[in-house]
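Step one of this worksheet: look at the structure below.
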Amino acid sequence: MEFTVEQIAQMLNGEVKGDKSLKVSQLAKIEEGTTGCISFLANPKYEQYLYTTTSSAVIVDNTFEPKKDYTTTLILVKNAYAAFTTLLQEYQKILAQNKKGIEQPSFISSSATIGTDVYIGAFAYVGDNCKVGNKTKIYPNVSIAEASVIGENCTIYSGVTIYHNTIIGDNCVIHANAVIGSDGFGFAPQADGTFATIPQLGNVVLENNVSIGANTTVDRATMGSTILRDGVKIDNLVQIAHNVEIGKNTVIAALTGISGSTKVGSNCMIGGQVGMAGHITVADRTIVTAQSGVTKTVKQSGRIMAGSPAQDSHNNLKSQVLYKNLPKIEQRLKEVEEQIKQK
Amino acid sequence: MEFTVEQIAQMLNGEVKGDKSLKVSQLAKIEEGTTGCISFLANPKYEQYLYTTTSSAVIVDNTFEPKKDYTTTLILVKNAYAAFTTLLQEYQKILAQNKKGIEQPSFISSSATIGTDVYIGAFAYVGDNCKVGNKTKIYPNVSIAEASVIGENCTIYSGVTIYHNTIIGDNCVIHANAVIGSDGFGFAPQADGTFATIPQLGNVVLENNVSIGANTTVDRATMGSTILRDGVKIDNLVQIAHNVEIGKNTVIAALTGISGSTKVGSNCMIGGQVGMAGHITVADRTIVTAQSGVTKTVKQSGRIMAGSPAQDSHNNLKSQVLYKNLPKIEQRLKEVEEQIKQK
Amino acid sequence: MEFTVEQIAQMLNGEVKGDKSLKVSQLAKIEEGTTGCISFLANPKYEQYLYTTTSSAVIVDNTFEPKKDYTTTLILVKNAYAAFTTLLQEYQKILAQNKKGIEQPSFISSSATIGTDVYIGAFAYVGDNCKVGNKTKIYPNVSIAEASVIGENCTIYSGVTIYHNTIIGDNCVIHANAVIGSDGFGFAPQADGTFATIPQLGNVVLENNVSIGANTTVDRATMGSTILRDGVKIDNLVQIAHNVEIGKNTVIAALTGISGSTKVGSNCMIGGQVGMAGHITVADRTIVTAQSGVTKTVKQSGRIMAGSPAQDSHNNLKSQVLYKNLPKIEQRLKEVEEQIKQK
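Protein chains in written order, with the numbering used here: chain A, 1 to 343; chain B, 1 to 343; chain C, 1 to 343.
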């Protein structure tokens with residue numbers, strides 16, 4: 001999409017200083033922008049780039065006074081940062097509106113219920129008795145198995161697999177090749193050393209405003225539901241095991257694994273490559289730093305946990321420093337031993 | 001599917017106490033069930049829920065004597081736990097039988113051999129010279145490249161990619177978006193700092209009763225085969241590198257990585273987020289705890305390994321405790337130093 | 001494919017000693033080969049297998065003199081190892097040439113530009129305004145979103161998702177179910193505890209000769225580009241976050257995660273399950289050992305980093321050994337304490 005600087009100024013209630021007819025089609029950082037780009041300047045640290053940028057236009061506060069010559073066109077607004085955010089959102093909206101209608105060939109079961117204003121891409125599969133809410137977008141090569149329900153205004157990117165009986169609320173985003181509802185890892189050891197598969201008959205429930213990263217996996221419950229509450233945000237390549245429950249607005253970074261039946265509270269922040277044992281409870285507002293291993297229930301809310309096994313971050317930091325200094329500590333011990341011998 | 005309580009009682013050789021005509025369509029835990037659900041009570045700890053549950057029916061031992069009033073219908077059987085397991089398996093079987101036939105559009109090479117009673121979903125791709133055994137189910141959007149052989153009674157869920165020349169035995173389950181047979185990570189460093197790709201000409205062999213988790217990757221061998229023996233069970237997001245061999249009935253939890261050419265014995269239990277170095281051998285019945293890093297061959301079978309680098313779990317536990325107490329240890333050392341100075 | 005021993009000898013400028021008419025169709029290690037296989041003997045350690053192998057033919061140096069009887073046919077060449085490598089590459093080329101043309105049904109937007117000699121598999125999706133270079137192969141069930149550009153001679157395996165505006169150079173290989181261009185994990189905390197999604201408007205750029213492993217994810221930049229430079233090789237299940245830049249010829253092993261805005265230098269070697277914090281810089285030729293956590297900028301090039309948090313490998317090794325010996329160290333400290341008491 002292409003806009004004139006004037007059109008953008010109107011959108012932002014701004015005033016143009018320079019060539020109004022210039023065309024811009026891309027958003028860029030001020031230090032990276034080139035012809036055809038629009039950038040913004042909010043942080044004074046970046047002011048230097050205003051005088052050298054080749055972005056076609058730069059959004060600035062209307063109180064801003066340049067100290068050197070510049071070649072770009074300015075758009076003066078009340079708050080440059082807020083205006084740029086508005087622009088980002090408008091741009092995103094326009095992009096999203098592009099997708100509508102049902103591409104062919106796709107496979108939609110005759111027993112499925114499809115809302116209005118949906119997008120269903122080619123090679124998408126919607127199984128028996130599924131429901132797809134209004135304005136939801138299902139990209140190419142998505143597979144949705146029978147009796148799954150997807151709310152309104154969701155975006156399911158290409159290659160996602162949703163197993164049977166999954167329930168997804170409104171405004172959820174599932175990134176490419178994620179898997180929702182795969183069997184929990186449940187096997188019963190037999191006398192002869194083999195394992196019998198324990199049927200996984202529950203499902204997965206994603207409430208509203210949940211975001212799931214690319215190639216992330218969320219296993220169905222053995223019975224009952226694996227539940228991700230309102231506003232949960234999960235990064236890429238995360239494993240959520242069977243019967244796990246994640247509280248509202250909890251955020252989990254990439255490559256983390258939550259083991260079976262663990263309950264994570266609301267508004268927690270879990271770093272990357274964290275592991276959590278099964279059957280534990282983690283209180284609300286817990287922060288877990290990257291690569292930690294949480295092996296026990298965390299009862300008190302608001303703690304910062306670190307290390308493997310995880311302990312209070314404060315304590316872990318002390319141990320970490322001493323770990324690095326172990327050679328020195330051992331040397332000191334040696335010296336003490338020597339001195340004692342000599343006495 | 002919907003059954004009357006009477007039909008279920010007949011299936012389980014049980015006796016109904018209450019309304020035989022009630023309809024149930026779902027299995028649920030006794031503490032979570034609602035109208036239309038059937039639950040079971042085997043563990044006395046859960047007896048309290050019998051008196052409050054709104055499940056339509058509960059399976060109980062025929063020796064059970066209620067101590068309070070209840071509103072649910074009882075199904076009396078010899079062994080409630082065993083009866084419920086039977087029910088789970090019957091339910092699973094019925095679910096599985098639903099899938100049969102070849103949906104359109106799908107792509108089946110004219111040189112492929114397809115068994116009887118198979119299911120091939122829409123947008124599934126079966127390449128040249130592939131063989132698909134009887135009763136095997138291939139879900140939508142699966143890709144199977146040329147000359148791969150899949151045994152009988154396998155289930156390949158949506159989005160799985162199987163590269164050329166892969167050999168899969170009978171009764172295997174591969175969960176969604178897993179990848180079997182991708183190139184091993186083999187690059188030969190060149191004088192100019194670039195890397196030349198080493199052709200990966202081997203394949204992957206999964207023997208019988210192997211289960212592969214969602215988004216797991218199993219690389220093909222450089223030459224020869226990457227082999228997962230009978231009954232191996234792999235969780236989600238696991239990496240099995242080229243030329244690895246995993247022994248019978250070994251179980252591997254999520255986010256673990258096994259490096260190239262490593263041989264893992266049979267009946268091992270490998271925790272989540274474990275790493276194993278390449279070109280090592282791990283003896284039968286080894287247990288590796290979560291987040292450990294196995295860097296050396298484990299010769300003696302039946303050991304429990306923990307830590308990174310991994311050592312005997314028993315020793316690692318001691319070191320872990322002392323690591324947590326390093327600040328105290330350093331304090332004790334300081335005191336000793338002071339005392340020596342003063343003497 | 002099947003060749004006679006004579007045909008292969010001609011290809012390698014070799015001389016046959018034995019039955020020229022034997023047919024071979026597979027490459028195998030000398031210790032594993034069977035009828036129909038061709039193997040090689042370069043390392044004297046493996047000479048014993050020559051006398052027992054059932055491979056139909058074995059490539060040997062023309063200076064080789066057998067010391068015992070053997071039943072296989074020999075192909076004598078100047079350098080057996082080099083000849084076998086040639087054979088591998090020829091075999092790979094023949095395999096690759098098999099794929100050409102556009103299978104149906106596939107979805108190619110009328111505004112897409114498709115080069116010559118391409119392969120586009122069934123159920124592949126090429127969106128609006130995409131460009132696909134000459135000789136590039138797009139396997140079944142691949143999804144390429146609008147305005148993405150893919151260079152010449154690339155291979156995109158089944159199930160890969162490429163988001164909009166992605167730019168991919170020449171000779172790149174992307175393995176199955178990898179995701180290129182998913183949204184960066186960017187959420188702005190709101191006063192009520194929820195998170196607002198930060199639009200991710202940048203893209204991903206893969207330069208030339210880049211290799212991406214199966215189920216690996218590369219997030220698009222918030223603004224600007226996530227960039228993987230010439231010759232970068234990434235293993236399976238790796239997470240590359242938004243705005244990351246990876247320098248030329250850097251190699252990253254499986255299950256590693258690089259956090260947002262981090263810049264990794266050229267010719268680095270990053271082990272498996274490594275984590276890197278966001279907004280740091282890692283110098284050229286840095287080596288990071290498996291399971292390490294790099295939390296700070298590494299300024300000096302050529303260092304070997306280990307541990308979590310990572311330090312010089314040399315120091316980390318010392319700490320590791322002492323960690324294992326912590327029980328002994330504590331015992332020594334106890335003895336010192338006792339002795340002091342007694343004095």
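A virtual CB, placed ideally from N, CA and C, is assigned to each residue, including glycine.
Tell me, please, whether the CB atom of Y157/C is closer than 8 Å to any CB atom in chain A?
-> no
For M364/C, decide whether its Cβ has a neighbour in chain A, counting only Cβ atoms nearer than 8 Å.
-> The structure shown has nothing for residue 364/C, since chain C only spans 1 to 343.
How far does the beta strand (DSSP E) with L50/C in it reach, from first residue to last?
-> Taken as a continuous stretch (DSSP letters only), L50/C belongs to no beta strand (DSSP E), being part of the alpha helix (DSSP H) at E47 to L50.
Contact residues within the stretch 100-131 of chain B, judged by C-beta distance below 8 Å to chain A = E103, P105, G121, A122 and F123
When we look at the beta-carbon of T272/C and count the other beta-carbons within 10 Å, is it buried (16 or more) or exposed?
-> For the record, residue 272/C in the displayed sequence is Gly; it is not Thr. Per the 10 Å Cβ criterion, buried.
List the residues of chain C whose Cβ lies closer than 9 Å to the Cβ of T194/B, in chain order.
-> N209, D230, G231, K248 and N249
Hey, is Y125/A close to the ligand MG, as in C-beta under 7 Å from one of its heavy atoms?
-> For the structure depicted, the ligand MG is absent and the ligand set is empty, with no information on it obtainable.
Would you decide whether G159/B is buried or exposed? Buried here means 16 or more other CB atoms lie within 10 Å of its CB.
-> buried
Under 8 Å by beta carbon: chain C residues contacting Q342/A | In chain order: nothing, as chain C lies at least about 12 Å away.
Once you ignore the five residues that flank A9/A on each side, which residues in its own chain have a CB closer than 7 Å to its CB?
-> E15, V16 and I75
Cβ of A124/B within 8 Å of Cβ of I138/B?
-> yes
Excluding the five sequence neighbours on either side, which residues of its own chain have a C-beta within less than 7 Å of the C-beta of A176/C, listed in chain order?
-> Only residues of its own chain outside the window of five on either side were considered, and among them Y157, S158, G159, V160 and A214 have a CB closer than 7 Å to the CB of A176/C, listed in chain order.
Take I108/B as the anchor and find which of T194/C, P140/C and V149/C has the nearest alpha-carbon.
-> Among T194/C, P140/C and V149/C, the Cα nearest to that of I108/B belongs to P140/C.
With respect to the beta strand (DSSP E) encompassing L206/A, which residues constitute its N-terminal and C-terminal limits?
-> Taken as a continuous stretch (DSSP letters only), the beta strand (DSSP E) holding L206/A covers N203 to L206.
Alpha carbon to alpha carbon, what distance is there between P327/B and K318/A?
-> Cα to Cα, K318/A sits roughly 7 Å from P327/B.
is_contact[Q26/B, chain C] using C-beta, thresh 8 Å = no
Under a CB-based cut-off of 8 Å, is L50/A close to chain B?
-> no
Close-in-space but distant-in-sequence residues of the same chain around A147/C (CB under 6 Å, 5 per side omitted) = N129, H164 and N165
What whole-angstrom Cβ distance do V336/A and A310/A have, given they're in contact under 8 Å?
-> In fact, because the Cβ distance is near 33 Å, the residues do not count as touching under 8 Å.
Nearest-angstrom Cα distance between D170/B and V274/B?
-> 28 Å
Compare the beta carbon distance of A241/B and I227/B with 8 Å and say whether it is the shorter of the two.
-> No; because the gap between Cβ atoms is not below 8 Å, this pair is not in contact.
For E6/A, the first and last residue of its enclosing alpha helix (DSSP H) | V5 to M11
If we ignore side chains and look at the alpha-carbon of each, how far apart do V210/A and T216/A end up?
-> It is roughly 13 Å from the alpha-carbon of V210/A to the alpha-carbon of T216/A.
Using 8 Å as the threshold, is the stretch 38-46 of chain B in touch with the stretch 80-91 of chain B, meaning 3 or more CB pairs across them?
-> Yes, since at least three Cβ pairs between the stretch 38-46 of chain B and the stretch 80-91 of chain B fall closer than 8 Å, the two stretches touch.
From the DSSP output, in three-state form, read off S319/A for me.
-> helix
Beta carbon of T286/A nearer than 8 Å to that of C268/A | yes
What separation, rounded to the nearest whole angstrom, lies between the Cα atoms of V149/C and V126/C?
-> 10 Å
Is the stretch 55-75 of chain A close to the stretch 17-37 of chain A, with three or more CB pairs under 8 Å?
-> yes
Consider the Cβ of Y139/A: report whether some Cβ of chain F lies at a distance smaller than 8 Å.
-> Reference to chain F is not applicable here, since the protein chains of this structure are A, B and C.
Using Cβ-Cβ distances below 7 Å, what residues of the stretch 9-39 of chain B are close to chain A?
-> L27, A28, K29 and E32
State the Cα-Cα distance for the pair A196/B and A188/B, rounded to the nearest angstrom.
-> 5 Å
Flag L41/A as yes if its beta-carbon sits less than 8 Å from any beta-carbon of chain C, otherwise no.
-> no
Could you give the distance in angstroms between the alpha-carbon of N249/C and the alpha-carbon of G186/C?
-> 28 Å
Helix, strand or coil for L333/B, going by three-state DSSP, please let me know.
-> helix
For K131/C, which residues does DSSP report across the bridge?
-> T113/C and V149/C
On the premise that T85/C lies in contact with S56/C, defined as a C-beta separation below 8 Å, what is that separation, rounded to the nearest angstrom?
-> The pair is not a contact, with the Cβ atoms about 20 Å apart (cut-off 8 Å).
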